[in-house]
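**Student:**
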Amino acid sequence: MPLRIVVTAKQVIDPETPASAFRIDPQALQVLPPASVPPVVNGFDEQAIEAALQIKDAAPDTHVTVLSIGTSFAMDVMKKPLAMGADELVLVQDDALVNSPDPSVAVHVLAAAIRKLGDVDLVLCGRQASDWDNAQVPLGLAEELGLAVTTIAKEVAVENGLARVERVLPDGSETVEIALPALVTVSNELGQARYPTLRGIMAAGRKAPTIWSVADVGLDVSSLTPGLELVGLALPESGAACEFIEGEDDADAGRKLALKLREAKLV
Amino acid sequence: MADGQGILVIGELAGSELALVTREALSAARSLSGALGGEPVSLVIAGTDLGDAPQQGISAGADTVYTVASPVLEGTPPDAVVAVAERAAQVASPRYVIGSKTLLGRDVLPRVAFRLGTALAQDCATLEVDSQQRLVATRPVYGGSAIAKVACLQTPAVAALRPKSVEPLEPDASRTGEIKALDIQLDDSVVKAKVVDRTERPSEGIRLEDAKVVVSGGRGLGGPEGFEPLKDLASLLGGAVGASRAVCDAGWLPSSYQVGLTGKTVTPDLYIAVGISGASQHMAGCSSARAIVAINKDAGANIFKEARFGVAGDWQKVLPAFIDQLHELLQ
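These protein sequence lines are chains A and B, in that order. Numbering-wise, the first sequence is residues 1338 to 1604 according to this note's numbering. Numbering-wise, the second sequence is residues 16 to 346 according to this note's numbering.
#1: Looking only at DSSP bridge pairs, what is A/E1526 linked to?
#2: Evaluate the contact criterion for the stretch 1429–1446 of chain A versus the stretch 1378–1391 of chain A: three or more CB pairs, one atom per stretch, below 8 angstroms.
#3: Taking the DSSP output, what are the residues bridged to A/T1512?
#4: Comparing the C-beta of B/E27 with each C-beta of chain A, is any distance below 9 angstroms?
#5: Going by beta carbon distance, what residues of the same chain come within less than 8 angstroms of A/H1445, once the five residues before and after it are set aside?
#6: Given A/D1456, which residues of its chain have a CB within under 7 angstroms of its CB, disregarding the five upstream and five downstream residues?
#7: With distance defined between alpha-carbon atoms, name the residue in B/A172, B/S292 and B/G257 nearest to B/G278.
#8: Going by DSSP, what residue range makes up the beta strand (DSSP E) through B/T141?
#9: Give a yes or no on whether the minimum CB-CB distance between B/S3 and chain A is below 9 angstroms.
#10: If you follow the beta strand (DSSP E) that B/A196 is part of, which residue opens it and which one closes it?
#11: How big is the Cα-Cα spacing for B/S225 and B/T282?
#12: Taking its Cβ as the centre, do 16 or more other Cβ atoms sit within 10 Å of A/Y1532, making it buried, or is it exposed?
#13: Identify the continuous beta strand (DSSP E) that holds B/K116 and give its terminal residues.
#14: Quick check on B/V96: does DSSP put it in helix, strand or coil?
#15: Which of the three DSSP states is assigned to B/Y157 in this structure?
#16: By how many angstroms is the C-alpha of B/Q148 removed from the C-alpha of B/D18?
#17: State yes or no: is the beta carbon of B/I310 nearer than 9 angstroms to at least one beta carbon in chain A?
#18: With distances taken from CA atoms, which of A/T1402, A/E1492 and A/A1420 is nearest A/G1528?
#19: Pairing CB atoms from the stretch 200–210 of chain B with CB atoms from the stretch 224–240 of chain B, are three or more of them under 8 angstroms?
#20: Rounded to the nearest angstrom, what separates A/D1424 and A/A1448 at their Cα positions?
#21: Starting from the Cα of A/D1351, find the closest Cα among B/V80, B/S295 and B/D64 and give me that residue.
#22: Any beta carbon of chain B sitting closer than 9 angstroms to that of A/N1525?
#23: Quick one: is A/K1593 buried, meaning 16 or more other Cβ sit within 10 Å of its Cβ, or exposed?
#24: How far does the alpha helix (DSSP H) with A/C1579 in it extend, from its first residue to its last?
#25: Could you tell me the distance, in whole angstroms, from the CA atom of B/L276 to the CA atom of A/A1395?
#26: Taking the C-alpha atoms as reference points, what is the distance between B/T37 and B/G114?
#27: Below 9 angstroms between beta carbons: does that hold for B/I73 and B/R190?
#28: So what's A/A1490 in DSSP terms, helix, strand or just coil?
#29: Tell me, please, whether the CB atom of A/C1579 is closer than 9 angstroms to any CB atom in chain B?
#30: Which residues share a DSSP beta bridge with A/R1360?
#31: Helix, strand or coil for B/S4, going by three-state DSSP, please let me know.
#32: List in chain order: all unbroken beta strand (DSSP E) runs of 3+ residues lying wholly within the stretch 237–317 of chain B.
#33: Is there contact between the stretch 1402–1413 of chain A and the stretch 1343–1357 of chain A, where contact requires at least three CB pairs shorter than 8 angstroms?
#34: Any heavy atom of the ligand FMN closer than 8 angstroms to the beta-carbon of B/Q169?
#35: Measuring CA to CA, which of A/G1483, A/I1538, A/A1450 and A/N1436 is closest to A/L1369?
#36: Looking only at DSSP bridge pairs, what is A/Q1348 linked to?
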């Protein structure tokens, strides 16, 4: 049986958005998407897609589905995984799927979508999304789908019904074996995701994503009640203004910086 | 468990001692208990050898300590810790469950919340009780570009406390409490993700997390050779070398050097950032430093927004003179 992989991917505000373009609406408790900076596929999710494609490189009959949920999608952005080499893109698009402070809403919808996709051997997710950095959806998803789970992979290989996962530790690494079906989260240490090839981009252009609503995956929107409520959103107070040390030239500034740190008793 | 009472802390061990993060969580739990009119604080700890940790838990603020000692907990597999925490929550039936956002907590707490049918407030910098006795947390979002305040609507509310956000209580050996073995059957079948190999690469010299001085470099250093003067500077100041994620992703240094949201969180007295632009992802790992000093060619770089002192200049010229002058001062 060919291996079946689902990778979850989230469309997020580009985390490289300059601080000057980052705006919030403190009354509506919303982050305002910067008009000048297009959204991106969450970076860790791209690395999860890369991990899936590496497995597909080794076993070409592997089927890779990329799954996302949201209220609306920038289609050129969300089609990138297809251009990279994924077989299928499934989007659950529904006005109810606002970016909830409670990740369990996303868990229920993703789990329902994965069940609808049928038998899946491996679910790969980015370790966290760069907006709220919750790192919760993958673990909740594993619980809801009854999958064994391990996190922060820098390498994922599949053989004989087992996933062999190289995990990143703060001071080293470990190898974890986990029987399929399983869920694995992927970290940036996996390496840069591949760039779409021209051929990939052309092929992606011809593939239409499958678009489902919340009802299509068998859920009632009214059942998606969040357990957390956002009650405040503010920009952080900026710290004390930086004192710039100047000198006749850069070297002189370096010397004066040393004297300044001594004066401030920091060294 | 609609009518929970008290606060349960999911504890961690450092060897066979109670971990500092757990003493912090107990301190937070005691504050919450005070706001709830003195509801009890319980603690669950699990390991192969608990040593004196249960008693340390009482000294650090727990009224009841649930213990699990089992060989299954060798290496603290998250699968087993999830089972222990879930069982402890069933037994203690708490209003709030507090854990720590550590390597283990990140794997365990979301699953515990999910099993309890409730939501997890992640990465909390502060925890308080509102007028309706809801747990309310503040936490950084968008890599620290914004601060969100979230209220937990369900019972038990589960929260992951960001390490070093709360001062632990001074251990009080005169505090009294109860130590109980948790009623749970653990066997190896609970562990689905099995560790078959582990490679430790202990950092040379001072650990980044413990260092009083951290000298970090970013993409602006141009390559791994740029880190040589940083190593000299770190050894001169008795500190450790750190790096931005871009540096580790490029393979200039191993990922164990990475400071940031997905790397290490450092809290030195002095953080010297060289050639680091200061993306929020990075600042999340170093903004608790007492003082940040930045050297970067771009005076508009984000790093200067959080720095106390800065030089806007070419690090290749600034740094050697800075190091020479420090040598002279420190002789």
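Glycine included, C-beta positions come from ideal geometry on N, C-alpha and C.
**Tutor:** Let me spell this out:
#1: The residue given as residue 1526 of chain A occupies position 189 in the first sequence. Beta-bridge pairing links A/E1526 to no other residue.
#2: no
#3: For the purposes of this step, residue 1512 of chain A is taken as the residue at position 175 of the first sequence. Answer by DSSP bridge pairing, in chain order: A/E1503 and B/D212.
#4: Residue numbering aside, residue 27 of chain B sits at position 12 when the second sequence is read from its first letter. No, no contact with chain A.
#5: As a working note, residue 1445 of chain A is residue 108 in the first sequence. If we look at A/H1445 and ignore the five residues flanking it on each side, its Cβ neighbours are E1481, L1556, S1560 and L1561.
#6: On the first sequence, residue 1456 of chain A is found 119 positions in, with the first residue counted as 1. Cβ within range, chain order: R1341.
#7: Numbered from its first residue, the second sequence carries residue 278 of chain B at position 263. The option with the nearest alpha carbon to B/G278 is B/G257.
#8: Along the second sequence, read from residue 1 onward, the residue named residue 141 of chain B stands at position 126. Where B/T141 is concerned, the enclosing beta strand (DSSP E) stretches over T141 to V144.
#9: Past the boundaries of the shown model lies residue 3 of chain B; chain B is included only from 16 to 346, so the question cannot be answered.
#10: To locate residue 196 of chain B, count along the second sequence from 1; it is residue 181. From DSSP, the beta strand (DSSP E) with B/A196 extends over E193 to A196.
#11: In the second sequence, counting from the first residue as 1, residue 225 of chain B sits at position 210. In the second sequence, counting from the first residue as 1, residue 282 of chain B sits at position 267. Looking at the sequence shown, residue 225 of chain B is not Ser but Asp. Looking at the two C-alpha atoms, the distance is approximately 8 angstroms.
#12: Counted from its first residue, the first sequence places residue 1532 of chain A at position 195. Classification of A/Y1532: exposed, given that the 10 Å Cβ count is below 16.
#13: Locating residue 116 of chain B in the second sequence gives position 101, where the first residue counts as 1. Run containing B/K116: none; DSSP gives neither H nor E here.
#14: Indexing the second sequence from 1 puts residue 96 of chain B at position 81. Correct three-state label for B/V96: helix.
#15: For this step, residue 157 of chain B is matched to residue 142 along the second sequence. Helix.
#16: Here the question's residue 18 of chain B lines up with position 3 in the second sequence. Here the question's residue 148 of chain B lines up with position 133 in the second sequence. The straight-line gap from Cα to Cα measures roughly 12 angstroms.
#17: What you label residue 310 of chain B is simply residue 295 of the second sequence in a count that begins at 1. Yes, because at least one Cβ of chain A sits closer than 9 angstroms to the Cβ of B/I310.
#18: Translated into positions along the first sequence, residue 1528 of chain A becomes position 191. Answer by Cα proximity: A/E1492.
#19: no
#20: Residue mapping note: residue 1424 of chain A aligns to position 87 of the first sequence, counting from 1. Residue mapping note: residue 1448 of chain A aligns to position 111 of the first sequence, counting from 1. For A/D1424 and A/A1448, the distance between alpha carbons rounds to 20 angstroms.
#21: Sequence index remark: in the first sequence, residue 1351 of chain A carries index 14 (1-based). It is B/S295.
#22: Taking the first sequence and counting its residues from 1, the one referred to as residue 1525 of chain A is at position 188. Cβ-Cβ to chain B under 9 angstroms: yes for A/N1525.
#23: Taking the first sequence and counting its residues from 1, the one referred to as residue 1593 of chain A is at position 256. Flag for A/K1593 reads buried.
#24: Counting from 1 along the first sequence, the entry for residue 1579 of chain A is found at position 242. That residue, A/C1579, is in no alpha helix (DSSP H); it is neither H nor E in DSSP.
#25: Taking the first residue of the second sequence as 1, we reach residue 276 of chain B at position 261. Taking the first residue of the first sequence as 1, we reach residue 1395 of chain A at position 58. B/L276 and A/A1395: Cα-Cα distance of roughly 32 angstroms.
#26: As a working mapping, residue 37 of chain B is identified with position 22 in the second sequence. As a working mapping, residue 114 of chain B is identified with position 99 in the second sequence. Answer to the nearest angstrom: the Cα atoms are 8 angstroms apart.
#27: Mapped onto the second sequence, residue 73 of chain B falls at position 58. Mapped onto the second sequence, residue 190 of chain B falls at position 175. Cβ atoms of B/I73 and B/R190: closer than 9 angstroms.
#28: On the first sequence, residue 1490 of chain A is found 153 positions in, with the first residue counted as 1. A/A1490 falls in the strand class under three-state DSSP.
#29: In the first sequence, residue 1579 of chain A corresponds to position 242, counting from 1. Judged by the 9 angstroms Cβ criterion, A/C1579 is in contact with chain B.
#30: Translated into the one-based positions of the first sequence, residue 1360 of chain A becomes position 23. Answer by DSSP bridge pairing, in chain order: A/L1369.
#31: Residue 4 of chain B lies beyond the stretch modelled for chain B, which goes from 16 to 346, so this question has no answer here.
#32: 255–258, 285–289 and 306–311
#33: yes
#34: What this structure holds is no ligand at all, so the ligand FMN is not there to describe.
#35: Translated into the one-based positions of the first sequence, residue 1369 of chain A becomes position 32. Per the Cα distances, A/N1436.
#36: The residue you call residue 1348 of chain A lines up with position 11 of the first sequence. For A/Q1348, which the question treats as bridged, DSSP gives the partners A/V1378.
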